[in-house]
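A.B. asks:
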Amino acid sequence: MMEELGSLRMADVGAKPRTARHALARGSLVMNARALRLLRTKRLPKGDALAAGELAGIMAAKRTSEIIPLCHPLPLDAVRVGFELDPKLPGLHAFCSAKAFSRTGVEMEALCGVSAALLTVYDLVKPVDPALRIDSVRLEFKAGGKSGFWRHPLARPKKSPPAKPLKPAVAGIITVSDRCSQGRRRDESGRLLSEGLRAMGLSTRPRLVVSDDQELIASALRRLAKDCDAVVLTGGTGLSPRDVTPETVTGICDRVVPGIGEALRLSGRSSTPLSSLSRSVAGLLGSTIVVCLPGSPRAVQEGLAVLSEVLPHAIHIAKGGGHGLK
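Numbering (my numbering), first residue to last: 129 to 454.
#1: Assign Thr-169 to one of two classes, buried (16 or more other C-beta atoms within 10 Å of its C-beta) or exposed (fewer than that).
#2: Can you tell me the Cα-Cα spacing of Pro-290 and Leu-282, whole angstroms?
#3: Tell me whether the beta-carbon of Phe-223 lies closer than 8 Å to the beta-carbon of Asp-205.
#4: State the CB to CB distance for the pair His-200 and Met-138, rounded to an integer number of angstroms; the pair is presumed to be in contact (CB under 8 Å).
#5: Opposite Asp-214 in the DSSP bridges: which residues?
#6: Three or more beta-carbon pairs under 8 Å between the region 175-193 and the region 246-257, yes or no?
#7: Pop quiz: Ile-417 and Ala-427 are said to be a contact at Cβ under 8 Å. What is the actual Cβ separation, rounded to whole angstroms?
#8: List the whole-angstrom C-beta distance separating Ala-238 from Ala-153, where the pair is believed to meet the contact cut-off of C-beta under 8 Å.
#9: Which value, in whole angstroms, describes the spacing of the CA atoms of Ile-388 and Leu-213?
#10: Tell me, which residues are paired with Val-207 by DSSP?
#11: Taking all protein chains shown into account, decide if Gly-219 is buried (16 or more other Cβ within 10 angstroms of its Cβ) or exposed.
#12: In chain order, what residues of the same chain lie with their CB nearer than 6 Å to the CB of Met-236, ignoring the 5 residues before and after it?
#13: Note down the Cα distance separating Leu-361 from Leu-164, rounded to an integer number of angstroms.
#14: One question on the structure: do Val-372 and Gly-364 come within less than 8 Å of each other, judged by their Cβ atoms?
#15: Let me check one thing: in DSSP terms, what residues is Ala-153 bridge-paired to?
#16: Which residue comes first and which comes last in the alpha helix (DSSP H) that contains Gly-181?
#17: Check for me: the alpha helix (DSSP H) holding Gly-327 runs from which residue to which?
#18: Going by the CB atoms, is the gap between Leu-330 and Val-298 shorter than 8 Å?
#19: For Ile-443, collect the residues of the same chain with a Cβ closer than 7 Å to its Cβ; drop the 5 residues on either side in sequence, then sort them by chain order.
#20: Between which two residues does the beta strand (DSSP E) holding Cys-420 run?
Here it is, written out as structure tokens:
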């Protein structure tokens, strides 16, 4: 009977945990200089193309499952559509950001939204330029779920929210683990953390691995904080007598940033109730953001999804930047 129904089917995501999901898609519309001038000055025959494109993109993102047959219907938490005019193209670049707390990602919602936005602008511009071209529609990044944070190799970090720091940011990484420091286990969590931070647009220092010892953790943290904008530690946040990372970090930091630890535990609870036992913390050591993540690779991936939303802007603020997202 099942064979008669055909081979196409929606993926069964019923057993997957809900996590915070975020995706950003982009695309370009190439037009002649006269059309771009009319668009910019809102003198196109049909009216304001950018306003129409913004609304169309939001509507399309919300109705993605009605257009793409195998997509799951998702309760989206937020959709934003924006445009960047580019005289050098000439034309514009469109962006669509989608967010949800869901068992599956919002990549198709973002792509559907940016495609509808571009097509709507196309419709309003074509009376003055029939030779339009839609180009380079792609996913810029996605965050959340088992795969954590991913950015397209061609993506430009400066065009992707959240805001980036005023200057290129440098991140230090410390793995706190007796077994890793003794060479009895490979530092998989540190590797994932390094890849994830670089995907956010940060450069990274060589990873440090120390045992669960407060003096060694403190020494490594102070050393990295001298020339890093952020230091992220993984490991030593549980209830074992050897887990002393949170005490070390809070004892060194000048100020505690409680919201980051709360967000990490909230995100983790969608995967396992045991995340409530994590003592992840964050703080400021001078102007350096310090964050403690649990030690498991899965917890690091989930933590990166949370940090992708806040860490670049936190660095920006800690370095004296304004609160407005650029």
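C-beta atoms are modelled at their ideal positions from N, C-alpha and C, and glycine is treated no differently.
C.D. replies: Well, looking at it:
#1: As a position in the sequence shown, residue 169 is number 41, starting the count at 1. Under this definition Thr-169 is an exposed residue.
#2: One-based indexing of the sequence shown puts residue 290 at position 162. One-based indexing of the sequence shown puts residue 282 at position 154. Unreliable positioning characterises Pro-290 in this predicted model, as indicated by a pLDDT of 46, which lies under 50. A coordinate reading is not provided.
#3: The count along the sequence shown starts at 1 and reaches residue 223 at position 95. The count along the sequence shown starts at 1 and reaches residue 205 at position 77. The answer is no: Cβ separation not under 8 Å.
#4: For the purposes of this step, residue 200 is identified with residue 72 of the sequence shown, where counting begins at 1. For the purposes of this step, residue 138 is identified with residue 10 of the sequence shown, where counting begins at 1. That pair is a contact at about 6 Å.
#5: To locate residue 214, count along the sequence shown from 1; it is residue 86. DSSP output for Asp-214 lists Gly-219 as bridge partner(s).
#6: Enough Cβ pairs lie closer than 8 Å, so yes.
#7: Here the question's residue 417 lines up with position 289 in the sequence shown. Here the question's residue 427 lines up with position 299 in the sequence shown. The beta-carbon separation of Ile-417 and Ala-427, rounded to 19 Å, does not stay under the 8 Å limit for a contact.
#8: For this step, residue 238 is matched to residue 110 along the sequence shown. For this step, residue 153 is matched to residue 25 along the sequence shown. The Cβ separation is near 4 Å, so the contact holds.
#9: Here the question's residue 388 lines up with position 260 in the sequence shown. Here the question's residue 213 lines up with position 85 in the sequence shown. The straight-line gap from Cα to Cα measures roughly 35 Å.
#10: Position 79 of the sequence shown, counting from 1, holds the residue named residue 207. Per DSSP, the beta-bridge partners of Val-207 are Ala-226.
#11: To locate residue 219, count along the sequence shown from 1; it is residue 91. Counting Cβ neighbours within 10 Å, Gly-219 comes out buried, since at least 16 surround it.
#12: Here residue 236 refers to the residue found at position 108 of the sequence shown. Close CB contacts of Met-236 within its chain, under the 6 Å cut and outside five residues either way in sequence, are with Thr-192, Ile-196 and Cys-199 (chain order).
#13: On the sequence shown, position 233 is the one that residue 361 refers to. On the sequence shown, position 36 is the one that residue 164 refers to. Cα to Cα, Leu-361 sits roughly 48 Å from Leu-164.
#14: Your numbering for residue 372 matches position 244 in the sequence shown. Your numbering for residue 364 matches position 236 in the sequence shown. Taking a C-beta distance under 8 Å as the contact criterion, Val-372 and Gly-364 qualify as a contact pair.
#15: Within the sequence shown, numbered from 1, the residue matching residue 153 stands at position 25. Ala-153 pairs with Cys-224 and Leu-267.
#16: For the purposes of this step, residue 181 is identified with residue 53 of the sequence shown, where counting begins at 1. Note, Gly-181: alpha helix (DSSP H), 177-190.
#17: Indexing the sequence shown from 1 puts residue 327 at position 199. Looking at the sequence provided, one finds Ala at residue 327 rather than Gly. Segment 316-327, the alpha helix (DSSP H) holding Ala-327.
#18: The count along the sequence shown starts at 1 and reaches residue 298 at position 170. The count along the sequence shown starts at 1 and reaches residue 330 at position 202. Their beta carbons are under 8 Å apart, which means Val-298 touches Leu-330 by this criterion.
#19: Within the sequence shown, residue 443 is the residue found at index 315, counting from 1. Only Pro-293, Ala-297, Asp-357, Ala-358 and Ile-417 meet the Cβ criterion.
#20: The residue you call residue 420 lines up with position 292 of the sequence shown. Looking at the DSSP string, the run of the beta strand (DSSP E) that includes Cys-420 is 416-421.
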